[in-house]
Amino acid sequence: MLRLRTLCLGAATALMFVAVSPPLKAAPTAPSANPFAETSPLPLQAPPFDRIKDSDYQPAFEEAMRQQIAEIEAIADNPAPATFDNTIEAMEKSGRMLDRVNLTFSGVVQANTNDTLDKVQTEEAPKLAAHQDAIYLNPKLFARVKAVYDARDSLKLDPESLQLLKIYYMQFVHAGANLSDADKAKLRDLNKRDASLEAAYQQKLVAAAKAGALVVDNKVALAGLSDQEIAAAAQGAKARKLDGKFVIPLQNTTQQPTLASLTDRRVREKLFDSSWTRAEKGDKNDTRATIEELAKIRADKAKLLGYPNYAAYVLYDQMAKTPEAVLRFMEQLAAPTRAQAAREAKDIQALIDKQGTLFDLKPWDWEFYSEQVRKAKFDIDEKQIKPYLELNNVLQNGVFYAANKLYGLTFRERKDIPVYQPDVRVFDVFDKDGSQLGLFYFDYFKRDNKSGGAWMSNFMEQSKLIGTKPVIYNVANFTKPAPGQPALLTFDDVTTMFHEFGHGLHGLFANQTYPSISGTSVARDFVEFPSQFNEHWALYPEVLKHYAVDYRTGKPIPQVLIDKIKKAAKFDQGYKLGEVVAAAELDMQWHMPSGDSPKEDCDAFEPQALRAAKVDFPDVPPRYRSSYFLHIWANGYAAGYYAYLWTEMLDDDAFAWFKAHGGLTRENGERFRKLILSRGHSEDYGPMFRAFYGKDPEIGPMLQHRGLAPGGD
Numbered sequence: 003m004l005r006l007r008t009l010c011l012g013a014a015t016a017l018m019f020v021a022v023s024p025p026l027k028a029a030p031t032a033p034s035a036n037p038f039a040e041t042s043p044l045p046l047q048a049p050p051f052d053r054i055k056d057s058d059y060q061p062a063f064e065e066a067m068r069q070q071i072a073e074i075e076a077i078a079d080n081p082a083p084a085t086f087d088n089t090i091e092a093m094e095k096s097g098r099m100l101d102r103v104n105l106t107f108s109g110v111v112q113a114n115t116n117d118t119l120d121k122v123q124t125e126e127a128p129k130l131a132a133h134q135d136a137i138y139l140n141p142k143l144f145a146r147v148k149a150v151y152d153a154r155d156s157l158k159l160d161p162e163s164l165q166l167l168k169i170y171y172m173q174f175v176h177a178g179a180n181l182s183d184a185d186k187a188k189l190r191d192l193n194k195r196d197a198s199l200e201a202a203y204q205q206k207l208v209a210a211a212k213a214g215a216l217v218v219d220n221k222v223a224l225a226g227l228s229d230q231e232i233a234a235a236a237q238g239a240k241a242r243k244l245d246g247k248f249v250i251p252l253q254n255t256t257q258q259p260t261l262a263s264l265t266d267r268r269v270r271e272k273l274f275d276s277s278w279t280r281a282e283k284g285d286k287n288d289t290r291a292t293i294e295e296l297a298k299i300r301a302d303k304a305k306l307l308g309y310p311n312y313a314a315y316v317l318y319d320q321m322a323k324t325p326e327a328v329l330r331f332m333e334q335l336a337a338p339t340r341a342q343a344a345r346e347a348k349d350i351q352a353l354i355d356k357q358g359t360l361f362d363l364k365p366w367d368w369e370f371y372s373e374q375v376r377k378a379k380f381d382i383d384e385k386q387i388k389p390y391l392e393l394n395n396v397l398q399n400g401v402f403y404a405a406n407k408l409y410g411l412t413f414r415e416r417k418d419i420p421v422y423q424p425d426v427r428v429f430d431v432f433d434k435d436g437s438q439l440g441l442f443y444f445d446y447f448k449r450d451n452k453s454g455g456a457w458m459s460n461f462m463e464q465s466k467l468i469g470t471k472p473v474i475y476n477v478a479n480f481t482k483p484a485p486g487q488p489a490l491l492t493f494d495d496v497t498t499m500f501h502e503f504g505h506g507l508h509g510l511f512a513n514q515t516y517p518s519i520s521g522t523s524v525a526r527d528f529v530e531f532p533s534q535f536n537e538h539w540a541l542y543p544e545v546l547k548h549y550a551v552d553y554r555t556g557k558p559i560p561q562v563l564i565d566k567i568k569k570a571a572k573f574d575q576g577y578k579l580g581e582v583v584a585a586a587e588l589d590m591q592w593h594m595p596s597g598d599s600p601k602e603d604c605d606a607f608e609p610q611a612l613r614a615a616k617v618d619f620p621d622v623p624p625r626y627r628s629s630y631f632l633h634i635w636a637n638g639y640a641a642g643y644y645a646y647l648w649t650e651m652l653d654d655d656a657f658a659w660f661k662a663h664g665g666l667t668r669e670n671g672e673r674f675r676k677l678i679l680s681r682g683h684s685e686d687y688g689p690m691f692r693a694f695y696g697k698d699p700e701i702g703p704m705l706q707h708r709g710l711a712p713g714g715d
């Protein structure tokens with residue numbers, strides 16, 4: 003099977019600028035000389051980036067797909083009766099070259115793209131979709147899968163093998179294996195068009211986000227920003243050959259970090275508008291027509307496959323199971339969120355009125371004035387905190403420290419492993435017994451040719467069958483400091499580091515025989531559970547004191563500031579939860595129309611959908627608008643963005659269990675590793691969660707953690 007997966011965490015991707023690179027050579031590299039033709043000689047088969055050229059990817063994709071189709075045809079044409087070994091396990095062993103090139107390319111094209119890689123993506127995306135169809139819509143292959151599946155009760159398979167067999171069968175049916183030949187042809191066309199549109203959307207967003215960056219002519223307009231932020235803005239302008247100017251690049255979300263600091267309201271409004279309209283300017287980077295067609299194609303595909311809508315099609319194998327279950331879950335969040343956001347808005351408006359500025363609160367004002375309310379309520383300033391949050395210290399003495407205390411892991415940086423960009427760092431990861439568990443790459447700084455947000459994925463996946471260990475990467479978009487300056491983080495950045503590392507732990511602790519169900523190869527509404535759970539350790543007293551050290555003096559963060567941080571953690575939760583609930587509802591509503599519905603108009607659909615779901619919170623815009631919602635249009639989260647909220651419920655339940663059983667202990671960590679982190683998709687999610695928590699998930703700890711219900715921390 004194709005195992006295409008990138009995990010986005012916290013704030014996931016919105017693509018940035020495409021740098022210029024030489025075009026593909028007319029005569030591509032011969033497969034025999036291609037660095038993907040054989041397994042990498044590097045430790046744990048890490049990608050040989052010192053040998054890989056941009057021109058290697060396309061011929062590698064072509065050859066790898068050819069090889070796997072030959073392998074699949076041999077399985078389908080095998081004259082021997084179908085067995086688990088010669089059919090299911092044989093498919094698991096197929097496509098090794100395709101895994102190598104696809105995992106590497108997926109990592110680089112999101113983190114360090116250029117014109118050449120974009121061209122490869124554009125040309126190969128529909129071919130990969132067709133390749134997947136060639137496997138799942140092969141009638142002889144499906145007949146063999148079905149024969150093994152029908153005989154499953156007599157095969158005496160171990161639980162993991164039986165789980166894999168069930169998943170294969172369901173995926174074949176879900177992919178259209180039972181369709182008529184005519185309908186299979188229609189499905190192939192829909193899948194190819196979807197893949198092409200997703201690639202186009204992603205690339206439009208790269209250019210739209212770059213073009214949407216706010217350019218200001220003088221330093222006065224940046225009043226309120228720190229010297230480091232102004233220096234970074236000047237450096238960004240210089241990189242674009244805009245000497246003497248300042249550039250504030252857009253991150254993927256609606257709100258932008260500097261809105262909390264910029265004192266000039268006109269500049270704040272311009273920055274917000276740049277973000278809000280980045281992909282709606284009527285130019286070649288306008289995404290609205292693309293997503294309107296994508297939504298219609300997906301609805302048509304769902305109808306062809308017998309589902310009432312695309313959301314139902316997506317959710318068939320998720321923990322939530324149905325769109326109705328998702329909508330009921332989010333309904334429980336909407337009312338308390340609206341009430342809390344209204345209270346917060348009232349406090350902010352009162353502050354505005356008190357200052358005598360006489361204007362109504364708008365979205366571009368929220369971050370600026372809520373920060374003032376926060377300071378007034380908790381006497382805390384982000385600038386007070388940043389000196390204690392130096393990136394390397396957070397990584398080594400925070401993220402790694404917590405992993406050592408919970409799981410016994412140790413880390414050693416390597417300088418001999420080639421990387422795809424000089425800022426990338428690589429670490430060996432050793433298990434509690436000293437054996438090597440995997441390799442871990444960290445790529446933390448923002449670049450114009452890098453997707454926005456943060457994410458985790460693999461360059462190599464764990465599998466006992468294949469004999470591979472995990473090679474994992476975390477990517478983020480923290481502001482790169484000016485030369486000679488320390489990389490100081492916000493507490494949100496720190497939370498992102500812990501979050502993405504939680505995904506990494508899920509991948510590192512994979513202990514499966516079969517790659518298709520290994521590690522993070524789980525449902526969208528389960529995959530964010532380990533990552534969001536790991537966020538809790540960022541504020542855990544023992545961990546926080548260990549990494550929060552003033553980079554200038556070496557003095558630990560004072561307890562009085564820790565207390566303020568903890569109290570402030572529940573501040574503004576109406577807004578923070580509201581923007582995510584609104585985005586999740588927007589995603590669901592885009593994927594609820596049936597195939598009989600006409601194509602939607604993007605401009606009209608978005609406000610109508612938010613209003614109908616009662617999540618059109620005043621002054622709280624969605625975290626992502628439809629036009630720049632990369633998660634759902636090109637990053638695998640269609641009808642799945644709710645997963646962040648669903649898994650927040652799971653992670654808060656789990657952390658409540660930890661607190662009730664002693665907190666940060668090796669015993670607790672080992673139990674979580676054994677019952678959750680090492681399980682992959684080797685069993686169903688409900689039983690897996692109940693085995694750890696002792697009962698079904700409940701929303702109470704989540705509301706308490708957010709400060710929307712009594713109790714909690």
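Counting in the numbering used here, the sequence shown runs from 3 upward without gaps.
Ideal placement from N, C-alpha and C gives every residue a C-beta, glycine not left out.
Quantities reported herein were computed from a predicted structural model and do not represent experimental measurements.
Counting C-beta atoms within 10 angstroms of its own C-beta, V421 has 16 or more neighbours from the protein chains shown and is therefore classed as buried. Going by DSSP, F461 is part of the beta strand (DSSP E) stretching over A456 to M462. Around E608, the same chain offers S628 as residues with beta carbons nearer than 6 Å, after the five sequence neighbours per side are excluded.
Beyond the five residues adjoining it in sequence on each side, A525 comes within less than 7 Å, by CB distance, of D319, Q320, M321 and Y687 in the same chain, given in chain order. In its chain, beyond the 5 residues on either side, D266 and V269 have a beta carbon closer than 7 Å to the beta carbon of A223. Cβ contact annotation for N536 (same chain, cutoff 7 Å, sequence separation greater than five): F500, H501, F503, G504 and L507, in chain order. Judged by their CB atoms, V428 and L411 are not nearer to each other than the 8 Å cut-off.
Annotated as distal: G696 and L408, with beta-carbon spacing of 8 Å or more. Per DSSP, the continuous alpha helix (DSSP H) segment holding L579 begins and ends at Q575 to W592. Rounded to the nearest whole angstrom, the CA to CA distance from K417 to K305 is 52 Å.
The alpha carbon of E326 has as its nearest neighbour, out of K379, Q591, T255 and L666, the alpha carbon of Q591. Three or more Cβ pairs closer than 8 Å define a contact, and the segment 86 to 99 falls short of that threshold against the segment 51 to 59. Rounded to whole angstroms, the separation of the alpha carbons of A585 and F331 is 14 Å. As computed with DSSP, V529 is found in no beta bridge at all. Excluding residues up to 5 positions away in sequence, K305 lie with their Cβ nearer than 8 Å to the Cβ of D598 in the same chain. In this structure, R195 is the residue among D155, R195 and A145 with its C-alpha nearest to the C-alpha of E126. Closest by C-alpha distance to M690, out of R668, F531, L588 and P623, is F531.
Put simply, the segment 459 to 470 does not touch the segment 72 to 88. Fewer than three CB pairs are less than 8 Å apart. Rounded to the nearest whole angstrom, the CA to CA distance from G556 to V477 is 28 Å. Per DSSP, the unbroken alpha helix (DSSP H) holding R268 starts and ends at R267 to W278.
Leaving aside the five residues that flank Y643 on each side, the residues in its chain whose CB is nearer than 7 Å to its CB run, in chain order, A585, A586, D589, H633 and I634. Apart from the 5 residues on each side of it in sequence, K142 sits with its Cβ closer than 6 Å to the Cβ of A78 in its chain, given in chain order.
Unbroken alpha helix (DSSP H) stretches of 4 residues or longer found wholly inside the segment 105 to 176: 117 to 138, 141 to 152 and 161 to 176, given in chain order. Proximity to S228 across Q204, Y170 and A262 peaks at A262, based on C-alpha coordinates. Around the beta-carbon of S156, fewer than 16 other beta-carbon atoms lie within 10 Å, marking it exposed. Taking F511 as reference, the option from L441, P560 and P485 with the minimal CA-CA separation is L441. In terms of Cα proximity to V218, the closest of N193, Q237 and V249 is V249. Of K566, E294 and Y639, the smallest CA-CA separation from E602 is found for E294.
L46 and V316 do not touch by the CB rule: their CB atoms are close to 33 Å apart, not below 8 Å. Take the alpha-carbon of Y630 and the one of F86: they are about 44 Å apart.
Counting along the chain, Y203 sits inside the alpha helix (DSSP H) bounded by residues D183 to G214. For E415, the uninterrupted beta strand (DSSP E) run begins and ends at T412 to R416, by DSSP.
Comparing alpha carbon positions, the residue from A145, D494, I519 and V328 closest to L166 is I519. Straight across, the Cα-Cα distance linking A197 with I564 is about 47 Å.
When DSSP states are grouped into helix, strand and coil, R290 belongs to the helix group.
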